[in-house]
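Worksheet: one structure, shown below.
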Amino acid sequence: MGKLDIIEAKGTERLKRGFAKMVKGGVIMDVTNAEQARIAEEAGAVSVMALHRVPADIRKAGGVARMAPIEKIQEIMDAVTIPVMAKVRIGHVAEARILEALGVDMIDESEVLTPSDPYFHIDKREFKVPFVCGDRNLGEAVRRIWEGAAMIRTKGEAGTGNIVEAVRHVRLLNDNIALLQRMTDEQVYGVAEKFAEPYLRLAFEVREISGLPKQVLESEPVYGHYTYREIVEGLYKVLLEIKKLGRLPVVNFAAGGVATPADAALMMQMGMDGVFVGSGIFKSSNPPKMARAIVEAVNHWDEPDVLAEISKDIGEPMHGQEIEQLEVRLEERGV
Amino acid sequence: MVKVGVIGLQGDVSEHINAAKRTLENLGVSGEVIWLRKPEQLEDISAIIIPGGESTTISRLMVENGLLEPVRKLGEEGLPIMGTCAGLIMLSKEVIGATPEQRFLSLLDVRVNRNAYGRQVDSFEAPVRLAFSDEPFIGAFIRAPRIVELLSNRVRPIAWLGDRVVGVEQDNMMGLEFHPELTDDTRVHEYFLQKAI
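Listed in order, the protein sequences are those of chains U and F.
Under this note's numbering, think of the first position of the first sequence as 9, with each following residue one higher.
Under this note's numbering, think of the first position of the second sequence as -15, with each following residue one higher.
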């Protein structure tokens, strides 16, 4: 018998969404160097997010926040055996291609960095590497999933240590899914048309500049090679799947404001598949303890007596911020 | 009545639970499939599945939740246990590329190399040949471990990619590099759960 030909497929939807499924029930931690990455791995993180600065420091520093320096990401990839993710600016296809070439395991197209494209997100179907994207509500989630995101996370309000925005985003999403399940398919199609509107902003702006009415032809591409009608049909398909499943068809994590084991447990109680912790670990007074405690809290989210034990002697959590007092609302970036 | 437990600490637990439920239906067997998190739930268990996920995390949580030793004991006594991807790592006698703090069940006579296929961009799917079926099976290999050596003649190959072994069986146990739970095809789960009924 001769050697069998092996026909391999890479970057398929099964592999991209499958990768995200392997981090379910886990904690993904922001790290800025090899030492922090090792602390995260030892604490039981399922993955680390390689960053130049954690979100709280990005807020302080101001200026333009870009993809992390490549040597920094490489240092972190070399330091740990668990998967490494890294962030690109919203719409920055070139940064994403660079991270894909570097071999990061997942790309976060993130509002925490300064957006590079005022109109569009990356068409993530064109990539072999899987993407995670933030959302504030069902519309943002559906658009990102249609664009090829293999995983969704709440935007929350990164770098604040304040869970209120993440809770808001989970509630808006879950309530909208419940509403969807009470709708007829015709009504769902109407929702798809509404959710497709942001893709028309560029085309409308061009018409306004040209003194023309805000009308787009059915045959006219408005996002990549996709026409408005094709986008509506695509979003409609995603919405029908959500209606059937009663949840997003991809893994859905909480992010943006998780600062304590109780915050992490709250997010799990609200039905999230896992949590991202950004500034919450390395801005706390005892990062190794806080990291371990949050990993355990995600595991024991429904056991208050265990959570009480976990929450003991873990030092000071990061200093939090009121949302109303923020100069920049990161969550408003990229709709 | 069979009781199948999927180790539910981290990873693609619900996918295995759904696959096991579909399998019991297909086989016409009445039973339950549980999300297994605590040692108390091991009572009357008929089979255990260790899912895919992050093996460093699953290892840590199995130790902390007091599951590692009781599950090892049940495996030694002949309880059917299947591990896929990270689950295969958990079952293996020898693991190349483990972190110093990782602990394993050490039940299956194989040496595996953790993340041997590379990073996520190297993940792939390809048709796998099964010992117990004529039709190929879609093998999803996601940052998969690689079986590099069979350590005794008690262990028997049951799945191949080309001519390389990607799945093994040893008495009551099965270990696979790939993820049958990410397909709608229940042939692998059927073969495994036959051991429990």
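No residue lacks a Cβ here, since even glycine has one placed at the ideal position from N, Cα and C.
Per DSSP, Ile318/U has no beta bridge partner at all. Residue pairing for Gln154/F: DSSP places it in a beta bridge opposite Met157/F.
Here Lys18/U is bridged, per DSSP, to Phe108/F. The Cβ neighbour count for Thr7/F, taken over all protein chains shown within 10 Å, is at least 16; the residue is labelled buried. Taken in chain order, the complete beta strand (DSSP E) segments of 3 residues or longer contained in the region 97 to 146 of chain U are 114 to 118, 139 to 143. Unbroken beta strand (DSSP E) stretches of 3 residues or longer found wholly inside the region 86 to 148 of chain F: 92 to 97, 108 to 114, 121 to 125, 130 to 134, 140 to 145, given in chain order.
Using beta-carbon distances, Ile318/U does not count as an interface residue toward chain F, since no partner is under 8 Å. The Cβ-Cβ distance between Gly282/U and Lys32/U falls below 8 Å. According to the DSSP assignment, Val(-10)/F belongs to the beta strand (DSSP E) that extends over -14 to -9. Within chain F, the C-beta atoms nearer than 7 Å to that of Ile90/U come from Glu38, Thr40, in chain order.
Minimum Cα-Cα distance from Tyr236/U among the listed residues Val246/U, Gln223/U, Asn182/U corresponds to Gln223/U. When C-alpha distances from Glu85/F are compared across Leu121/U, Thr89/U, Asp113/U, Val96/U, the shortest belongs to Thr89/U. Here DSSP, grouped into helix, strand and coil, assigns Asp38/U to strand. Contact of Arg22/U with chain F by beta-carbon distance below 7 Å involves Glu109, Ala124, Leu166.
Gly15/F is outside the set of residues whose beta carbon lies under 8 Å from a beta carbon in chain U. One finds nothing in chain U with a Cβ atom closer than 7 Å to the Cβ of Gln25/F; even the nearest lies about 14 Å away. Membership of Ala58/U in the beta strand (DSSP E) is indicated by the continuous run 55 to 58. Between Ile(-9)/F and Leu51/F, the gap from beta carbon to beta carbon is short of 8 Å. Per DSSP, the beta-bridge partners of Trp19/F are Val(-10)/F.
In the structure shown, Pro64/F falls within a coil segment according to DSSP collapsed to helix, strand and coil. Boundaries of the beta strand (DSSP E) harbouring Arg161/U: 159 to 162, taken from the DSSP string.
For the pair Gly323/U and Ser287/U, the CB atoms are not nearer than the 8 Å cut-off.
Nearest in C-alpha terms to Val112/F, of all of Arg148/F, Met66/F, Asp155/F, Leu26/F, is Arg148/F. Beta-bridge pairing by DSSP links Pro229/U to Thr235/U.
The beta-carbon separation of Gly15/F and Val(-14)/F, rounded to 4 Å, stays under the 8 Å limit for a contact.
Assigned with DSSP and collapsed to three states, Lys252/U falls in helix. The region 67 to 80 of chain U makes no contact with the region 63 to 78 of chain F, as fewer than three CB pairs between them are under 8 Å. Within chain U, the residues placing a beta-carbon under 7 Å from that of Glu(-1)/F are Lys29, ordered along the chain. Remark: C-beta atoms of Arg161/U and Phe290/U do not approach each other more closely than 8 Å. Secondary structure of Phe261/U (DSSP, three-state): strand. Counting along the chain, Phe284/U sits inside the beta strand (DSSP E) bounded by residues 283 to 285. Checking the DSSP bridge columns, you'll see Ser76/F partnered with Leu92/F. Closer than 8 Å to the CB of Gly(-5)/F there is at least one CB belonging to chain U. Within chain U, the residues whose beta carbon sits less than 8 Å from that of Arg98/F are Thr89, listed in sequence order. Residues of chain U whose Cβ lies closer than 7 Å to the Cβ of Arg44/F are, in chain order, Gly52. Exposure of Ala69/U is indicated by the presence of fewer than 16 other C-beta atoms within 10 angstroms of its C-beta.
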